[in-house]
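Count along the sequence shown from 1, then add 167; that gives the number in my numbering. For each residue, glycine too, the CB sits at the ideal point set by N, CA and C.
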Amino acid sequence: MKRLDKSEIIFKVFAYVLLTLFALMCFYPLIYCLAVALSDKAAGDSGTVVLWPIVNGHIGIDLKAVKFVLNDKLFWLAYCNTLFLTFYGTLVSMLIAITGAYALSKARLMWGRGFNFLLTFTMWFNAGLIATYQNFRDLKIDNKYGFIFGLGFNAFNIILLRNGFKGVPSEIEEAATIDGATEFQLLTKIYIPMSKSSIATVTMFYALSRWNGYYWASLLLAKTEDKPLQVYMRDLMTDDGTGTDLADYSTNSWKFAMIVCSIIPILILYPQMQKYFAAGVNLGGVKE
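Written out as structure tokens, the structure is:
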């Protein structure tokens, strides 16, 4: 084993300390949200919670705010809407991205350079927020189903997948073509299995975008039965709980309880997908 000199030891110690502090800074907001959500009314209103939930001046757990959130029917309706938009929105977006990226990755595609230029051009220039909103409004994208297709295209993700597909050896495709494979078989039997990292990365990008989507959902989805979780939480928090019974717990407690309940799926899924990120994102460099 190579022995580290003094400068290398100092650097490693400094790097580990810095990374540890950075990790704690990122982790603390979650700890704080959970602590406030599990604290009683007095502690939540006074702002004395730092790391641990406080009940009657002592460390403890008060589940009243969490129970309020779990019994809120509109919260679960919004939750279901978010799950619907995330699942089917990601599914539609990935269908568009995979088929588009596969076609654009082929040198034999007629006018392929022109199509790739137009795709990249949309990342540099766009119509702007007002024109885009007017376009969505005129297309009657004011419900969950229209919303899924209206926001189903993303140029960057298609380019990411296109570069991933270009990394598949051409010899494998040629051998499969000689054996009589069709384009559909090439895509499903060769390109998709050999591009799992980039596909998993883009899938997570789409899923996170749909799950956290607020801006366009707040503008386009006006009906209460169509609103996703982010819009519902924003509407509820801006009126400070008007119309709800807040006698038993603080406004801060139920707000943070709602935040904690809303991020549980992401906390479960994200670590499972993290291993694909490094390999997938590295395929995003420009390839021509």
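Return the chain-ordered list of same chain residues with a C-beta closer than 7 angstroms to the C-beta of residue i, the five sequence neighbours on each side being excluded.
i      : result
Leu387 : Phe303, Ile308, Asp309 and Phe314
Ser429 : Leu396 and Met400
Thr289 : Ala322
Ile263 : Gly319 and Phe320
Tyr358 : Tyr269, Phe332 and Val335
Asp432 : It should be pointed out that residue 432 corresponds to Pro in this sequence rather than to Asp. Cβ within range, chain order: n/a, list empty.
Glu340 : Leu353 and Ile357
For residue i, is the classification buried or exposed, using 16 other Cβ atoms within 10 angstroms of its Cβ as the cut-off for buried?
i      : result
Phe194 : exposed
Phe292 : exposed
Val427 : buried
Leu191 : exposed
Leu185 : exposed
Ser364 : buried
Thr215 : exposed
Thr349 : exposed
Asp346 : exposed
Leu434 : exposed
Ala342 : exposed
Ala274 : exposed
Ala424 : buried
Beta-carbon separation of residue i and residue j under 8 angstroms?
i      : j      : result
Leu396 : Tyr246 : yes
Arg329 : Ala268 : yes
Trp421 : Ala209 : no
Asn419 : Val203 : yes
Leu327 : Gly317 : no
Lys311 : Phe251 : yes
Phe282 : Leu296 : no
Asn248 : Lys394 : yes
Helix or strand or just coil, what does DSSP make of residue i?
i      : result
Ile226 : strand
Ile308 : coil
Ile467 : Lying before the first or after the last residue shown, residue 467 is absent from the chain, which here runs from 168 to 455.
Glu455 : Since pLDDT at Glu455 reaches only 43, below the 50 mark, its modelled position is unreliable, and no value is offered.
Ile176 : helix
Ile359 : coil
Could you tell me the alpha carbon to alpha carbon distance between residue i and residue j, rounded to whole angstroms?
i      : j      : result
Arg401 : Asp229 : 24 angstroms
Trp278 : Leu353 : 21 angstroms
Gly331 : Gly380 : 26 angstroms
Leu237 : Tyr255 : 25 angstroms
Trp134 : Trp383 : Any property of residue 134 remains undetermined from this structure, which presents the chain solely from 168 to 455.
Thr355 : Pro220 : 51 angstroms
Ile177 : Pro196 : 30 angstroms
Lys234 : Leu188 : 34 angstroms
Ile226 : Leu205 : 10 angstroms
Glu175 : Phe181 : 10 angstroms
Leu285 : Leu276 : 14 angstroms
Arg280 : Ala294 : 23 angstroms
Lys173 : Thr287 : 49 angstroms
Met361 : Ala298 : 39 angstroms
Leu439 : Tyr183 : In the sequence as displayed, the identity of residue 439 is Gln instead of Leu. Approximately 24 angstroms, taken between the alpha carbons.
Glu392 : Asp239 : 14 angstroms
Report all residues from its chain with a CB closer than 8 angstroms to the CB of residue i; omit the five preceding and five following residues, and keep chain order.
i      : result
Thr257 : Thr370, Tyr373, Ala374 and Arg377
Met261 : Ile366, Val369, Thr370 and Tyr373
Ile198 : Leu218
Ser213 : none
Thr344 : Leu353
Val398 : Ala245, Tyr381, Ala384, Ser385 and Leu388
Thr253 : Ala374, Arg377 and Trp378
Leaving out five residues on either side along the sequence, give the residues of the same chain with a beta carbon under 6 angstroms from the beta carbon of residue i.
i      : result
Asp207 : Val222 and Asp229
Met404 : Lys422
Ile325 : Ala264, Gly267 and Ala268
Glu338 : none
Leu201 : Val427
Leu241 : none
Kindly say whether residue i, judged by its beta-carbon, lies nearer than 8 angstroms to any beta-carbon of chain B.
i      : result
Tyr381 : No chain B is part of this structure, which consists of one protein chain only.
Give a single yes or no on whether residue i has its beta carbon closer than 7 angstroms to a heavy atom of the ligand FMN.
i      : result
Arg275 : The model on display carries no ligand, and the ligand FMN is accordingly not part of it.
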